[in-house]
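> Protein sequence lines, in the order shown, are assigned to chains B and P. When you read off a place in the first sequence, starting at 1, and then add 20, the result is the number in our numbering. When you read off a place in the second sequence, starting at 1, and then add 1431, the result is the number in our numbering. Please read through the structure below; I'll follow up with questions.
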Amino acid sequence: EAEVAQSPRYKITEKSQAVAFWCDPISGHATLYWYRQILGQGPELLVQFQDESVVDDSQLPKDRFSAERLKGVDSTLKIQPAELGDSAMYLCASSLWAGGLSYEQYFGPGTRLTVT
Amino acid sequence: AQTVTQSQPEMSVQEAETVTLSCTYDTSESDYYLFWYKQPPSRQMILVIRQEAYKQQNATENRFSVNFQKAAKSFSLKISDSQLGDAAMYFCAYRSAGFGNEKLTFGTGTRLTIIP
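As structure tokens, then:
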């Protein structure tokens, strides 16, 4: 069964350093999402892509976070500089888009970031 | 903005018994989707069940069923014949039906423990 791939699974970085996460969605899924899940809370959307275009990045802290999906397939989320409050699980999800409808979101295993 | 509330941070149930997880939501929209997702420890989030708001019939998936009360904005999950593998965090989530607004809004989750 096809799955959403994410790497790395775990990342420890020092405050003020740069960090990047990678996501490879299920083949054929045009919609890709990055969520942040702080410990003890539910995930919150950071950015949504439709193919290579950003559909929603209203909750993305643009002064330090950036996201790209250059060829409309895999995606990278970057944080520079990292802050202590960025410690969280970063989840990638993808969904099929067909006939004007968006289908269920499938989640990857996540990248757990610890900022020291 | 939509909100999702899960008022039970933790629940426990004896193996083979039935448990109900509660969820309420707030929205001014008439057309939307509701979901229950399961997040096992150190594993990816998976979809348990989905409900379309326009459908009056409650969704069921094997041992999982929902009680959808649209007027009360309530969406509870019932797990019958609980199994050890059901132990996980359970998240209730809301999604608008409109195009370009496919993000999931999650509750804070309920940690379900299965007692052997």
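Note that beta-carbon positions come from the ideal geometry of N, C-alpha and C, so glycine has one too. Keep in mind that this is a model prediction, so the values were computed, not measured.
Taking Cβ positions only, does B:P28 come closer than 8 Å to chain P?
Indexing the first sequence from 1 puts residue 28 of chain B at position 8. With 8 Å as the cut-off, B:P28 does not count as an interface residue toward chain P.
> Going by CA-CA distance only, name the one from P:L1515, P:A1503, P:F1499 and P:G1516 that's closest to P:K1509.
The sequence position of residue 1509 of chain P within the second sequence is 78, counting from 1. Considering only alpha carbons, the answer is P:F1499.
> Can you find a CB in chain P that lies within less than 8 Å of the CB of B:G62?
Indexing the first sequence from 1 puts residue 62 of chain B at position 42. Chain P contact via Cβ: present.
> Label B:S115 either buried or exposed according to how many other C-beta atoms from any shown protein chain fall within 10 Å of its C-beta, with 16 as the threshold for buried.
Position 95 of the first sequence, counted from the first residue, corresponds to residue 115 of chain B. Buried, because 16 or more other Cβ atoms sit within 10 Å of the Cβ of B:S115.
> With distances taken between CB atoms, is the gap from B:G128 to P:Q1433 smaller than 8 Å?
Position 108 of the first sequence, counted from the start, is the residue given in the question as residue 128 of chain B. Position 2 of the second sequence, counted from the start, is the residue given in the question as residue 1433 of chain P. No.
> In whole angstroms, what separates the C-alpha of B:A23 from that of P:N1532?
The sequence position of residue 23 of chain B within the first sequence is 3, counting from 1. The sequence position of residue 1532 of chain P within the second sequence is 101, counting from 1. With the sequence shown as reference, residue 23 of chain B is identified as Glu, and Ala is not the correct amino acid for it. Their backbone Cα atoms lie some 23 Å apart in a straight line.
> Shortest alpha-carbon distance to P:T1455 belongs to which of P:P1472, P:I1546, P:T1536 and P:I1545?
Counting from one through the second sequence, the residue named residue 1455 of chain P turns up at place 24. Ranking P:P1472, P:I1546, P:T1536 and P:I1545 by Cα distance to P:T1455 puts P:T1536 first.
> For P:Q1433, decide whether its Cβ has a neighbour in chain B, counting only Cβ atoms nearer than 8 Å.
One-based indexing of the second sequence puts residue 1433 of chain P at position 2. Not closer than 8 Å to any Cβ of chain B, the Cβ of P:Q1433 fails to qualify, so no.
> What residues of chain P sit near B:Y110, judged by a beta carbon separation below 7 Å?
Start at 1 with the first residue of the first sequence, and residue 110 of chain B comes out as number 90. None at all; the shortest Cβ gap to chain P is about 13 Å.
> Count the CB pairs spanning the region 97–109 of chain B and the region 1502–1522 of chain P that are closer than 8 Å, and state whether there are at least three.
Too few Cβ pairs lie closer than 8 Å, so no.
> Using only alpha-carbon positions, find the residue among P:K1486, P:S1459 and P:D1512 that is nearest to P:F1495.
Position 64 of the second sequence holds residue 1495 of chain P. Comparing Cα positions, the closest option is P:D1512.
> Please report the Cβ distance between B:Y53 and B:A113, rounded to the nearest whole angstrom; I am assuming they are in contact, meaning their Cβ atoms lie under 8 Å.
Position 33 of the first sequence holds residue 53 of chain B. Position 93 of the first sequence holds residue 113 of chain B. Right, the Cβ-Cβ distance comes to about 4 Å (below 8 Å), so this counts as a contact.
> Looking only at C-alpha atoms, which of P:T1541, P:P1547, P:I1546 and P:Q1445 sits nearest to B:Q61?
Taking the first residue of the first sequence as position 1, residue 61 of chain B is located at position 41. Comparing Cα-Cα distances from B:Q61 to each of P:T1541, P:P1547, P:I1546 and P:Q1445, the minimum goes to P:T1541.
> Touching or not, the region 1441–1451 of chain P and the region 89–101 of chain B, by the rule of three or more beta carbon pairs under 8 Å?
Touching, no.
> For a cutoff of 8 Å on Cβ pairs, would you count P:L1478 as touching chain B?
For the purposes of this step, residue 1478 of chain P is taken as residue 47 along the second sequence, with counting starting at 1. Yes, P:L1478 lies at the interface with chain B (some Cβ there is under 8 Å from its Cβ).
> Could you check how far apart the C-beta atoms of P:C1523 and P:Q1437 are, in whole angstroms? I think they sit under 8 Å.
Here residue 1523 of chain P refers to the residue found at position 92 when the second sequence is read from its first residue. Here residue 1437 of chain P refers to the residue found at position 6 when the second sequence is read from its first residue. Rounded, the Cβ-Cβ distance is 6 Å, consistent with contact.
> Assign B:L104 to one of three DSSP states: helix, strand, or coil.
Mapped onto the first sequence, residue 104 of chain B falls at position 84. B:L104: helix per DSSP, three-state reduction.
> Note down the Cα distance separating B:L65 from B:S86, rounded to an integer number of angstroms.
Residue numbering aside, residue 65 of chain B sits at position 45 when the first sequence is read from its first letter. Residue numbering aside, residue 86 of chain B sits at position 66 when the first sequence is read from its first letter. Near 14 Å, if we compare the C-alpha coordinates of B:S86 and B:L65.
> Leaving out five residues on either side along the sequence, give the residues of the same chain with a beta carbon under 8 Å from the beta carbon of P:Q1482.
Working through the second sequence from its first residue, we reach residue 1482 of chain P at position 51. Result list for P:Q1482: Y1464, L1465, F1466, N1489, A1490, V1497, F1499 and F1506, in chain order.
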